[in-house]
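Below: the structure, in structure tokens.
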Amino acid sequence: MFDRRSTFGEALDHPGARAVLERLMPGFAASPMAAQFRGGRLGSLVALVPSLESPEARAQLWAELAEIGDAAERPAYSPAIAPNPAYEGDDAERASAVVRPVAEASRWGVLEMRIDGPSHGNPFVDVDLHAAFARPDGSTVRVGGFYDGDGEWVVRVLADQEGRWTFSTTATARSLDGLTGEAHVGTALDGARGPVRVDGFHFAHADGTRHRPLGTTAYAWTHQPDALQEQTLETLTDGPFRKIRMCLFPKSYLFNANEPDDFVFPGSLADGFDLERFDPAHFRRLEKRIAQLGERGIEADLILFHAYDRWGFADLGPAVDDRYVRYVVRRLAAFSNVWWSMANEYDLVWAKDEDDWERLAAIVGEEDHADHLNSIHNCRPFYDYSRPWITHVSIQRVDVYRTAENTDEWRERWGKPVVIDECAYEGDIDQGWGNITGEEITRRFWEGAVRGGYVGHGETYLPAPVGEVEVPDAAGPDREVLWWAKGGVLHGSSSARIGFLERVLAEVPGGVLDPAPSDWDVPWAQSSDGSVRVAYFGFNRPRFRNVVLGEGDWAIDVIDTWNMTIDRVDGIHSGTARVELPGRQFVAVRLSRV
231 MFDRRSTFGE ALDHPGARAV LERLMPGFAA SPMAAQFRGG RLGSLVALVP
281 SLESPEARAQ LWAELAEIGD AAERPAYSPA IAPNPAYEGD DAERASAVVR
331 PVAEASRWGV LEMRIDGPSH GNPFVDVDLH AAFARPDGST VRVGGFYDGD
381 GEWVVRVLAD QEGRWTFSTT ATARSLDGLT GEAHVGTALD GARGPVRVDG
431 FHFAHADGTR HRPLGTTAYA WTHQPDALQE QTLETLTDGP FRKIRMCLFP
481 KSYLFNANEP DDFVFPGSLA DGFDLERFDP AHFRRLEKRI AQLGERGIEA
531 DLILFHAYDR WGFADLGPAV DDRYVRYVVR RLAAFSNVWW SMANEYDLVW
581 AKDEDDWERL AAIVGEEDHA DHLNSIHNCR PFYDYSRPWI THVSIQRVDV
631 YRTAENTDEW RERWGKPVVI DECAYEGDID QGWGNITGEE ITRRFWEGAV
681 RGGYVGHGET YLPAPVGEVE VPDAAGPDRE VLWWAKGGVL HGSSSARIGF
731 LERVLAEVPG GVLDPAPSDW DVPWAQSSDG SVRVAYFGFN RPRFRNVVLG
781 EGDWAIDVID TWNMTIDRVD GIHSGTARVE LPGRQFVAVR LSRV
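Structure below.
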């Protein structure tokens with residue numbers, strides 16, 4: 231039976247189902263581009279079809295497809311698994327597991343308690359473990375533990391206070407229940423500032439340091455060979471980005487055809503996956519990369535679900551989804567530089583509806599003792615970003631051209647910080663979302679900044695044909711290494727300009743800009759204290775501008791956002807001023823009160 235789980239290719243290959251698609255998905259089923267979607271689920275693809283935007287139109291599609299086929303039922307989802315009350319009998323001595331010596335942590339680091347305990351049965355599902363940590367100030371925090379393989383049990387907490395900590399455990403297994411101990415947390419390491427929090431329409435670290443999430447995207451970089459991952463880290467070390475979007479599950483899509491070495495669950499595409507266990511070695515490698523990002527001052531924006539899947543991870547069923555989210559958050563919430571993204575393009579994840587997202591978000595909230603930022607990303611329809619669990623707007627472009635220009639409107643609509651995590655990518659592939667110029671993505675970054683928000687970067691340049699340029703060894707036999715997918719190196723021109731924008735913003739009192747009363751043709755922004763005002767001309771190219779300065783005396787700078795220059799206009803000005811401009815695109819004017 232054809233339904234939301236059916237692939238586009240399966241339906242196209244069946245004459246009856248194809249006839250339905252061609253009638254109800256006009257222009258899509260018959261498109262020359264349709265071949266790239268053959269592996270996609272129909273439940274995901276309907277979100278891309280304008281004629282199926284209404285619930286009534288979608289209901290008609292599913293009803294007609296349901297009448298076609300042999301009515302064979304698909305396997306039921308795996309049921310929920312509760313901890314086994316008989317995992318350890320009365321002969322197991324309470325608190326007999328061994329707590330290893332606890333290493334001293336630094337403030338804003340990971341305070342970790344490791345326990346040598348039972349390993350029989352299936353510890354991933356048979357046992358539930360928690361620890362209550364008492365901070366130096368007397369407050370307490372309850373944290374869920376996890377099984378790390380080979381008889382090792384772990385509980386981690388974000389070390390947010392210096393001094394002596396104590397802990398005690400509760401567990402459904404007798405040997406893990408009632409363990410106690412203490413640990414010491416020292417001063418923060420250089421550069422450690424704590425988790426990022428919402429600060430009005432902007433962001434700041436827990437220690438008050440301003441954070442500007444001028445980020446990038448490399449969805450599947452941690453699913454690549456180690457050499458390519460190391461190359462990605464080198465690129466990030468030298469780059470301007472303070473956040474990177476990355477998937478926990480691997481990605482199957484254009485330029486994402488290689489098979490990872492390991493997965494969240496043990497197993498493989500050929501042999502299947504054990505959905506009742508996790509692969510600790512896989513997670514340890516991921517944790518290493520998250521820690522390395524933290525050392526570089528980069529936030530790891532972790533995408534929990536997405537639709538670009540050939541392994542079945544987008545359709546695990548509620549019980550496995552819940553168990554996966556709970557395990558992930560327990561393992562990773564103690565890392566200071568983690569953000570959560572419930573999904574990339576949630577509306578394409580056909581197997582989940584709004585109730586599923588709300589349930590899964592509640593699990594993140596329950597398990598995340600550190601209250602990291604959390605959002606959800608769209609393809610076409612927006613999620614309701616006013617939901618209380620959503621800390622900030624994570625949004626995608628609304629059409630091929632205009633997105634960043636909506637930033638101030640979206641701030642007012644949802645009353646939260648706006649991060650345009652996908653505004654299209656600098657590159658030269660055949661897709662419209664992946665072939666804008668460096669000039670254009672830089673323009674979108676500035677448009678978002680002067681409207682009080684943040685824009686994200688990505689790069690999708692096709693590698694040069696072998697022989698024209700040297701292909702990095704890290705790419706191996708796979709020549710389709712695009713930054714947006716696999717990381718590696720950057721070839722574009724925008725990243726340096728994004729770094730220049732970061733430096734300009736850092737010079738603003740308070741470190742951020744908010745929308746200000748603007749001219750009809752030019753957006754204006756200002757610092758929180760009003761002492762700095764910025765106008766951005768974008769793709770316009772005036773030779774001069776008459777500027778109303780307002781009260782007081784002002785210094786005037788002309789900023790060339792592409793050539794990365796700042797030229798001070800001679801003199802101190804008041805009232806109004808005629809500002810001579812270079813007649814080039816991508817110029818801004820900055821006014822600074824003297």
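Start counting the sequence shown at 231; every next residue gets the next number (this note's numbering). All C-beta atoms in this analysis are idealised placements derived from N, C-alpha and C, irrespective of residue type, glycine included.
Separation of residue j from residue i, as counted between CA atoms
i	j	result
Phe508	Val355	10 Å
Arg627	Ile650	7 Å
Leu224	Tyr317	With the chain running from 231 to 824 in the structure shown, residue 224 is simply not present.
Glu810	Arg773	6 Å
Trp619	Asn604	7 Å
Val384	Asp378	7 Å
Thr467	Val738	24 Å
Asp492	Gln459	14 Å
Asp759	Arg674	25 Å
Tyr684	Gly411	44 Å
Gly678	Val371	38 Å
Val550	Pro353	15 Å
Ala287	Arg515	45 Å
Asp708	Arg519	Unreliable placement is indicated for Asp708, whose pLDDT of 48 sits below 50; no coordinate value is reported for it.
Arg365	Leu388	11 Å
Ala335	Gly801	53 Å
Gly408	Gly347	13 Å
Ile606	Asp456	29 Å
Lys481	Arg540	8 Å
Thr399	Ala450	36 Å
Glu517	Pro647	28 Å
Ser571	Arg681	23 Å
Ala325	Asp501	39 Å
Leu735	Ser757	10 Å
Thr465	Trp713	10 Å
Terminal residues of the alpha helix (DSSP H) in which residue i lies
i	result
Trp383	That residue, Trp383, is in no alpha helix (DSSP H); its beta strand (DSSP E) goes Glu382 to Leu388.
Ala765	Per DSSP, Ala765 belongs to no alpha helix (DSSP H); it is in the beta strand (DSSP E), Val762 to Tyr766.
His512	Pro510 to Glu525
Gln661	Element bounds for Gln661: n/a, residue is neither H nor E.
Ile789	Careful: Ile789 lies outside any alpha helix (DSSP H), inside the beta strand (DSSP E) at Phe774 to Asp790.
Gly678	Gly668 to Val680
Asp501	Counting along the chain, Asp501 falls outside any alpha helix (DSSP H), and DSSP gives it neither H nor E.
Thr637	Thr637 to Trp644
Cβ-Cβ distance between residue i and residue j below 8 Å
i	j	result
Arg610	Ala277	yes
Ile474	Ala530	yes
Ala765	Ser822	no
Val357	Ala401	yes
Ala654	Trp640	no
Phe471	Ile528	yes
Ala581	Gly239	no
Val817	Phe767	yes
Ala573	His622	no
Per-residue DSSP class, three states only, for residue i
i	result
Lys473	strand
Ala736	helix
Val276	helix
Phe267	helix
Thr417	coil
Ala249	helix
Asp598	coil
Asn486	strand
Asn604	strand
His453	helix
Leu692	coil
Proximity test, residue i beta-carbon vs the ligand ATP heavy atom, cut-off 7 Å
i	result
Ala736	Ligands are entirely absent from the displayed structure, and the ligand ATP is therefore not among its contents.
Residue range of the unbroken beta strand (DSSP E) whose run includes residue i
i	result
Trp714	Trp714 -> not in any beta strand (DSSP E); alpha helix (DSSP H) instead, spanning Trp713 to Lys716.
Trp570	Val568 to Ser571
* Is the segment 662-678 close to the segment 715-730, with three or more CB pairs under 8 Å? -> The segment 662-678 is in contact with the segment 715-730.
* Asked: Is there contact here, the segment 737-753 with the segment 474-487, by at least three beta-carbon pairs under 8 Å?
  -> no
* To do: Flag this pair as touching only if the segment 724-736 and the segment 408-427 have three or more C-beta atom pairs under 8 Å; answer yes or no.
  => Segments in contact, no.
* To do: Flag this pair as touching only if the segment 330-342 and the segment 383-403 have three or more C-beta atom pairs under 8 Å; answer yes or no.
  => yes
* Can you find at least 3 beta carbon pairs, one from the segment 286-295 and one from the segment 304-313, that sit closer than 8 Å? -> no
* **At least 3 beta-carbon pairs within less than 8 Å: the segment 359-373 vs the segment 437-450** => Output reads no: the segment 437-450 does not touch the segment 359-373.
* Are the segment 549-564 and the segment 583-602 in contact at 8 Å, needing three or more beta carbon pairs? -> A contact exists between the segment 549-564 and the segment 583-602.
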